[in-house]
Amino acid sequence: MTAAGVLLHGRGIVPGRVVGEALVSRETISGWGGIDPATGTIIERRHELFGVCFTGKVLVFPGAKGSSGWSGFFQSTRLLGTAPLAMVFTRLTTKAALGAIVTRVPAITDFDDDPVARITTGDLVEVDADHGLVRVLRR
Amino acid sequence: MVGLTDEEKRMRDGAEGDAVAAAMDLLIRYADALGAERLCETRNVAGTTTQPSPAKEKLVAEGGWAKAFSVISLDCDDDLEIPPMRVPTCQLQHGFGEDARGIMPYPGHKIDLQAEAESFASSRGVNVLATCTPYQVGNLPTYGEHVAWMESSAVVYANSVLGARTNCEGGASTGAASLTGRIPCWGNHHRENRYGTHLIETTLAPDGFQDWGMLGYFAGDVVQEERPVVIGELGSPDLADLKHFGAAAASSGGVEMYHLPGRTPDAPTLEAAFGGRAIPEPIRYGEAERRAVYESLNSIGDSEDVDFVLLGCPHASLEQVGRVARALEGRTLSSGCELWLMTPRALRTVADRNGWTETIRRAGGRVLTDSCPAMSRVAPEGTRVFATDSAKQAHYLPAILGIEAWFGTLEDCVDAAVTGRWRGSLGKAAR
Numbered sequence: 009m010t011a012a013g014v015l016l017h018g019r020g021i022v023p024g025r026v027v028g029e030a031l032v033s034r035e036t037i038s039g040w041g042g043i044d045p046a047t048g049t050i051i052e053r054r055h056e057l058f059g060v061c062f063t064g065k066v067l068v069f070p071g072a073k074g075s076s077g078w079s080g081f082f083q084s085t086r087l088l089g090t091a092p093l094a095m096v097f098t099r100l101t102t103k104a105a106l107g108a109i110v111t112r113v114p115a116i117t118d119f120d121d122d123p124v125a126r127i128t129t130g131d132l133v134e135v136d137a138d139h140g141l142v143r144v145l146r147r
Numbered sequence: 002m003v004g005l006t007d008e009e010k011r012m013r014d015g016a017e018g019d020a021v022a023a024a025m026d027l028l029i030r031y032a033d034a035l036g037a038e039r040l041c042e043t044r045n046v047a048g049t050t051t052q053p054s055p056a057k058e059k060l061v062a063e064g065g066w067a068k069a070f071s072v073i074s075l076d077c078d079d080d081l082e083i084p085p086m087r088v089p090t091c092q093l094q095h096g097f098g099e100d101a102r103g104i105m106p107y108p109g110h111k112i113d114l115q116a117e118a119e120s121f122a123s124s125r126g127v128n129v130l131a132t133c134t135p136y137q138v139g140n141l142p143t144y145g146e147h148v149a150w151m152e153s154s155a156v157v158y159a160n161s162v163l164g165a166r167t168n169c170e171g172g173a174s175t176g177a178a179s180l181t182g183r184i185p186c187w188g189n190h191h192r193e194n195r196y197g198t199h200l201i202e203t204t205l206a207p208d209g210f211q212d213w214g215m216l217g218y219f220a221g222d223v224v225q226e227e228r229p230v231v232i233g234e235l236g237s238p239d240l241a242d243l244k245h246f247g248a249a250a251a252s253s254g255g256v257e258m259y260h261l262p263g264r265t266p267d268a269p270t271l272e273a274a275f276g277g278r279a280i281p282e283p284i285r286y287g288e289a290e291r292r293a294v295y296e297s298l299n300s301i302g303d304s305e306d307v308d309f310v311l312l313g314c315p316h317a318s319l320e321q322v323g324r325v326a327r328a329l330e331g332r333t334l335s336s337g338c339e340l341w342l343m344t345p346r347a348l349r350t351v352a353d354r355n356g357w358t359e360t361i362r363r364a365g366g367r368v369l370t371d372s373c374p375a376m377s378r379v380a381p382e383g384t385r386v387f388a389t390d391s392a393k394q395a396h397y398l399p400a401i402l403g404i405e406a407w408f409g410t411l412e413d414c415v416d417a418a419v420t421g422r423w424r425g426s427l428g429k430a431a432r
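Listed in order, the protein sequences are those of chains A and B.
Under our numbering, the first residue of the first sequence is numbered 9, with each subsequent residue one higher.
Under our numbering, the first residue of the second sequence is numbered 2, with each subsequent residue one higher.
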């Protein structure tokens with residue numbers, strides 16, 4: 009299968025439908041101490057996306073790690089206007105679930121295939137959280 | 002869809018007021034996202050509502066503390082009247098304590114905001130324990146009790162050492178739990194999700210909390226969000242050892258639960274730790290692994306001139322405060338170096354009585370309470386290089402403050418504060 013046309017099935021946990029550019033992290037993400045909500049940037053120095061901004065991107069990642077401040081920090085990105093466009097993640101935890109809810113962006117988890125492996129940074133993707141679908145439109 | 006009791010439906014439908022209804026609405030959305038079948042009753046909530054984050058400061062300016070609580074702690078945009086907490090709720094650490102006043106560059110207006118937040122929380126019945134370690138100052142859930150706690154190091158301690166049951170909650174879920182006495186019954190609330198997933202065998206005998214911190218950092222890195230079971234010559238770890246082990250494991254990974262067979266309550270035996278399931282092949286933690294963790298924690302930066310020493314993360318136990326006082330007895334800090342020891346205010350009161358605070362003060366150090374430099378995002382002005390005995394702070398603070406870090410023993414750190422130079426090294430492990 010060519011990259012465009014990849015279709016992943018999951019479970020929408022925050023409804024909504026958006027189209028945007030993917031930002032893929034192979035590593036889990038820390039909220040508190042891992043991101044700067046004022047700029048929407050990953051600040052954990054050892055992280056593969058250190059210095060990269062996720063604002064307006066479809067954030068594709070394996071899950072949340074670190075402090076319970078995770079949800080509050082992503083909530084702050086919403087309040088400060090730096091939130092990602094959508095969240096697509098594989099490992100469902102309280103941090104990631106609550107974080108997605110209070111960030112209020114379309115969010116999907118529990119996939120039949122690994123979005124981190126199947127989606128590449130820069131892909132144009134459609135996130136349809138009402139139906140639990142992620143589709144790669146263009147690579 | 003999560004199933005609700007009649008009482009929960011009444012709360013959702015507004016019988017207890019708009020704030021309780023908003024809290025139930027958030028809990029329902031959250032429970033459905035998790036796939037929880039029901040909510041658990043809880044009467045022990047540890048959350049945070051007073052930290053003046055930039056987003057919160059903006060909301061307070063717009064509509065006061067009730068507005069900030071509505072938006073941040075209940076995920077509701079309406080300006081709600083916030084009733085008293087329905088169940089016992091404590092406040093965790095915040096960024097600034099009253100004792101931070103005058104210490105540059107702690108901004109005075111933030112301390113004022115903090116004090117206002119504290120008044121608001123107290124007026125709604127929140128116990129302002131102001132520590133990341135509520136279990137050190139009287140909030141001790143009973144074995145098997147369902148609680149709703151946030152603060153990763155407190156969560157892992159509550160689950161693993163106390164045998165209480167909590168997931169790693171957040172600001173909004175603890176806010177909602179405090180007004181409803183409910184939290185999604187999911188994850189760690191169910192016994193079958195609390196068994197070990199990985200076996201780690203240490204061939205070294207951890208000697209003190211630095212070693213326990215490194216072992217925890219290794220374990221978290223290996224298991225990420227899962228549940229390590231550690232065996233080997235573990236001796237009799239004390240509160241500080243387990244506090245550091247869990248905090249480090251929750252920093253390098255997302256560990257919320259671990260077992261030390263024969264020492265932690267859910268694991269009387271190795272077999273019990275795995276719930277009778279197959280025991281996996283052990284992952285070895287020996288001299289090479291210990292050294293690799295040490296080098297990883299000491300890999301940021303290279304200047305040996307230390308400006309700042311930070312001790313007590315998670316908040317220092319009384320024994321740790323006493324150890325710092327003994328290490329500083331009759332010594333004076335280097336003029337270019339500050340030393341801060343973070344501890345709960347309740348323990349500081351005892352440390353005052355013991356004369357330890359005065360010993361530390363006389364040497365030029367500060368005992369600070371309620372707060373955490375990682376929460377306040379503040380270190381002494383001009384800090385470029387700091388030293389800490391906490392694997393957690395060595396992990397987080399370089400990212401948060403953009404400074405270099407050294408990690409070592411409490412005594413290495415005190416020596417650095419006295420000489421202004423880092424001379425710590427990894428001693429040979431026991432056995």
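A virtual CB, placed ideally from N, CA and C, is assigned to each residue, including glycine.
Being a predicted model, the structure only gives us computed values, none of them experimental.
Where the alpha helix (DSSP H) through residue i begins and ends
{"i": "His245/B", "result": "Leu240 to Ser253"}
{"i": "Pro399/B", "result": "Ala392 to Leu402"}
{"i": "Glu63/B", "result": "Pro55 to Ala69"}
{"i": "Leu261/B", "result": "Here Leu261/B belongs to no alpha helix (DSSP H), and DSSP marks it neither H nor E."}
Secondary structure of residue i, DSSP reduced to three states
{"i": "Trp341/B", "result": "strand"}
{"i": "Asp44/A", "result": "strand"}
{"i": "Asp113/B", "result": "helix"}
{"i": "Ile116/A", "result": "strand"}
{"i": "Asp303/B", "result": "coil"}
{"i": "Glu42/B", "result": "strand"}
{"i": "Pro142/B", "result": "coil"}
{"i": "Val386/B", "result": "strand"}
{"i": "Ile29/B", "result": "helix"}
{"i": "Ser444/B", "result": "Given that chain B is displayed from residue 2 to residue 432, the structure contains no residue 444/B and the question cannot be resolved."}
{"i": "Ala16/B", "result": "coil"}
{"i": "Leu298/B", "result": "helix"}
{"i": "Gly59/A", "result": "coil"}
{"i": "Leu15/A", "result": "strand"}
Start and end residues, beta strand (DSSP E) containing residue i
{"i": "Leu132/A", "result": "Leu132 to Asp136"}
{"i": "Val157/B", "result": "Looking at the DSSP string, Val157/B is not in any beta strand (DSSP E); the run it does join, the alpha helix (DSSP H), is Ser153 to Tyr158."}
{"i": "Arg367/B", "result": "Arg367 to Thr370"}
{"i": "Phe309/B", "result": "Phe309 to Leu312"}
{"i": "Met215/B", "result": "Segment Phe210 to Val224 is the alpha helix (DSSP H) holding Met215/B; no beta strand (DSSP E) there."}
{"i": "Glu405/B", "result": "Glu405 to Phe408"}
{"i": "Gly323/B", "result": "No beta strand (DSSP E) holds Gly323/B; the alpha helix (DSSP H) holding it covers Leu319 to Leu329."}
Best match in the options for proximity to residue i [C-alpha to C-alpha]
{"i": "Val127/B", "options": "Ala328/B, Ala178/B, Gly254/B and Gln211/B", "result": "Ala178/B"}
{"i": "Arg195/B", "options": "Thr370/B, Ala395/B and Gly276/B", "result": "Gly276/B"}
{"i": "Val113/A", "options": "Gly64/A, Lys73/A and Leu145/A", "result": "Gly64/A"}
{"i": "Thr98/A", "options": "Cys61/A, Thr128/A, Thr111/A and Arg19/A", "result": "Arg19/A"}
{"i": "Val224/B", "options": "Ile112/B, Arg363/B, Met258/B and His191/B", "result": "Met258/B"}
{"i": "Leu243/B", "options": "Glu296/B, Ser161/B and Leu340/B", "result": "Ser161/B"}
{"i": "Glu8/B", "options": "Ala251/B, Arg332/B, Thr181/B and Ala406/B", "result": "Thr181/B"}
{"i": "Ala23/B", "options": "Leu348/B, Leu40/B, Glu58/B and Cys77/B", "result": "Cys77/B"}
Beta carbon proximity, residue i to chain D, threshold 8 Å
{"i": "Gln225/B", "result": "The displayed structure is made up of protein chains A and B, and chain D is not among them."}
Residues sharing a beta bridge with residue i, DSSP
{"i": "Lys429/B", "result": "Lys429/B is not bridged to any residue."}
{"i": "Glu29/A", "result": "Leu132/A"}
{"i": "Cys91/B", "result": "Ala47/B and Asn128/B"}
{"i": "Gly510/B", "result": "Only positions 2 to 432 of chain B appear in this structure, which leaves residue 510/B out of reach."}
{"i": "Ile83/B", "result": "Answer is none; Ile83/B lacks a bridge partner."}
{"i": "Tyr286/B", "result": "Thr203/B"}
{"i": "Ile50/A", "result": "Ile43/A"}
{"i": "Met148/A", "result": "Because chain A is modelled from 9 through 147, residue 148/A falls outside the range shown and cannot be assessed."}
{"i": "Arg183/B", "result": "Glu42/B"}
{"i": "Ser38/A", "result": "Lys73/A"}
{"i": "His147/B", "result": "Arg166/B"}
Under 8 Å between C-beta atoms of residue i and residue j
{"i": "Gly233/B", "j": "Glu272/B", "result": "no"}
{"i": "Ser76/A", "j": "Glu152/B", "result": "yes"}
{"i": "Phe309/B", "j": "Ala380/B", "result": "yes"}
{"i": "Trp423/B", "j": "Ala388/B", "result": "yes"}
{"i": "Ala317/B", "j": "Leu342/B", "result": "yes"}
{"i": "Ala173/B", "j": "Leu106/A", "result": "yes"}
{"i": "Gly13/A", "j": "Val142/A", "result": "no"}
{"i": "Phe82/A", "j": "Val110/A", "result": "yes"}
{"i": "Arg291/B", "j": "Leu205/B", "result": "yes"}
{"i": "Thr117/A", "j": "Thr47/A", "result": "no"}
{"i": "Leu93/B", "j": "Gly176/B", "result": "no"}
{"i": "Cys414/B", "j": "Cys373/B", "result": "no"}
{"i": "Gly421/B", "j": "Val307/B", "result": "yes"}
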